[in-house]
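There are 2 protein chains.
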Amino acid sequence: MSTTLVTDIPAVLGTQADAPCCVSAPAAGALEAEEAAALAARFKALADPNRLRILSMIAADPAAETCVCDITEPLDLGQPTVSHHLKILVEAGLLTRDKRGVWAYYSLVPGALESLAATLTPKV
Amino acid sequence: MSTTLVTDIPAVLGTQADAPCCVSAPAAGALEAEEAAALAARFKALADPNRLRILSMIAADPAAETCVCDITEPLDLGQPTVSHHLKILVEAGLLTRDKRGVWAYYSLVPGALESLAATLTPKV
DNA sequence: AGGGGAGATTGACAACTGTCGATATATTCA
DNA sequence: TGAATATATCGACAGTTGTCAATCTCCCCT
Chain A
1 MSTTLVTDIP AVLGTQADAP CCVSAPAAGA LEAEEAAALA ARFKALADPN
51 RLRILSMIAA DPAAETCVCD ITEPLDLGQP TVSHHLKILV EAGLLTRDKR
101 GVWAYYSLVP GALESLAATL TPKV
Chain B
1 MSTTLVTDIP AVLGTQADAP CCVSAPAAGA LEAEEAAALA ARFKALADPN
51 RLRILSMIAA DPAAETCVCD ITEPLDLGQP TVSHHLKILV EAGLLTRDKR
101 GVWAYYSLVP GALESLAATL TPKV
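Protein chains in written order, with the UniProt record's numbering: chain A, 1 to 124; chain B, 1 to 124.
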């Protein structure tokens, strides 16, 4: 189990380096294999409609905390499936789990989505 | 073939609405199934290390145009595989293809990545 | 202590995805 | 016209993923 933390990964849209055209060199500034794998792992967590809905439901919760029962119903998914998706989101570093008594409350990791978004936008 | 254009999809991090807790209503402001599917389709295009590297190579190209041959070598992938990834990126609305003669040049769709990033950050 | 309920885990299965080799298409050049 | 070359498409295959039913674990309440 590798809890993917928010490491600093180069942005997809990096700063323009003057690399020579049509040269087999790995295009200075481009993502290396390892970095790309780490980034892709986080985007994979977002690459499912139900997980996006879960995130948006949690983001929309005024209490900033949502219990699993709140998520299962409107999604029309089984409880184990929701649990599975939540686990993926937690392991991607996007959610935190807080179990209080019988209930488990999930909330967004502050800045996680934003830092992911930042890898897509060119640095100003 | 459904060329996913940049439609205006509600952000995952929406504006906070005061929804009642523990109510089965679809949490006002949360992503609906269709919207979530459209968004997920675009994130799926980013959910592969090699596609991220392709994007970053194209983004790093000073000429803002890259031909397939430039991509195939450093990625250590077969040509058909690269072609396949490029197709996915084009269909996701992230790249455009410009075939001039025997060569095909790919470039970023302006604003596409940014608009995707915007769905992850709360509106200010 | 014992029952009930919330949520996690396991195992299975169908559907999807990334990759390759082979082949097709199309454009340039001789 | 015919050869050479760049890219796209096809078919196949292994690995991954989303889902469910069944089961397990743990906490609360009586």
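Virtual Cβ for every residue (Gly too), placed ideally from N, Cα, C.
Any heavy atom of the ligand FMN inside 7 Å of the beta-carbon of residue i?
i	result
E34 of chain B	The model on display carries no ligand, and the ligand FMN is accordingly not part of it.
Indicate whether at least one CB of chain A lies closer than 8 Å to the CB of residue i.
i	result
A104 of chain B	no
T96 of chain B	no
L39 of chain B	yes
T121 of chain B	yes
P110 of chain B	no
K87 of chain B	no
P49 of chain B	yes
L77 of chain B	no
Rounded to a whole number of angstroms, what is the C-alpha to C-alpha distance between residue i and residue j?
i	j	result
I54 of chain B	T72 of chain A	37 Å
A11 of chain B	D48 of chain A	15 Å
A59 of chain B	Y106 of chain B	10 Å
E34 of chain A	L94 of chain A	20 Å
A117 of chain B	A117 of chain A	4 Å
A112 of chain B	F43 of chain B	12 Å
E32 of chain B	D61 of chain A	15 Å
Q79 of chain B	P122 of chain A	29 Å
H84 of chain A	N50 of chain A	11 Å
R100 of chain B	S56 of chain B	22 Å
A63 of chain B	A63 of chain A	48 Å
Assuming residue i and residue j are in contact, meaning their beta carbons sit under 8 Å apart, how far apart are those beta carbons, in whole angstroms?
i	j	result
A45 of chain B	I88 of chain B	6 Å
L120 of chain B	E91 of chain A	L120 of chain B to E91 of chain A, Cβ: 18 Å. No contact.
A36 of chain A	L77 of chain B	Actually they do not touch by this definition, with Cβ atoms about 12 Å apart.
Check the Cβ-Cβ distances between residue i and every residue of chain B, and say whether any is below 8 Å.
i	result
A92 of chain A	no
R53 of chain A	yes
S107 of chain A	no
K99 of chain A	no
residue 125 of chain A	The displayed coordinates of chain A run from 1 to 124. Any statement about residue 125 of chain A would go beyond what the structure contains.
Between which residues of its own chain and residue i is the CB-CB distance below 8 Å, once the five residues before and five after are set aside?
i	result
R97 of chain B	L86, V90, A104, Y105 and Y106
Excluding sequence positions up to five away, which residues of its chain have a Cβ less than 7 Å from the Cβ of residue i?
i	result
C67 of chain A	W103, A104 and Y105
V109 of chain A	G93, L94, L95 and T96
V82 of chain A	V68, I71, T72 and L75
Note down, in chain order, each residue of its chain lying with its Cβ closer than 6 Å to the Cβ of residue i, except the 5 sequence neighbours on either side.
i	result
E65 of chain B	Y105 and S107
S24 of chain A	Reliability fails at S24 of chain A, whose pLDDT of 38 lies under 50, so the model's placement of it is uncertain and no value is given.
*Could you give the uninterrupted runs of the alpha helix (DSSP H) lying entirely in the UniProt domain "HTH arsR-type" (31-124) of chain A, keeping only those of 4 residues or more?*
33-46, 49-60, 68-75, 79-91 and 112-118
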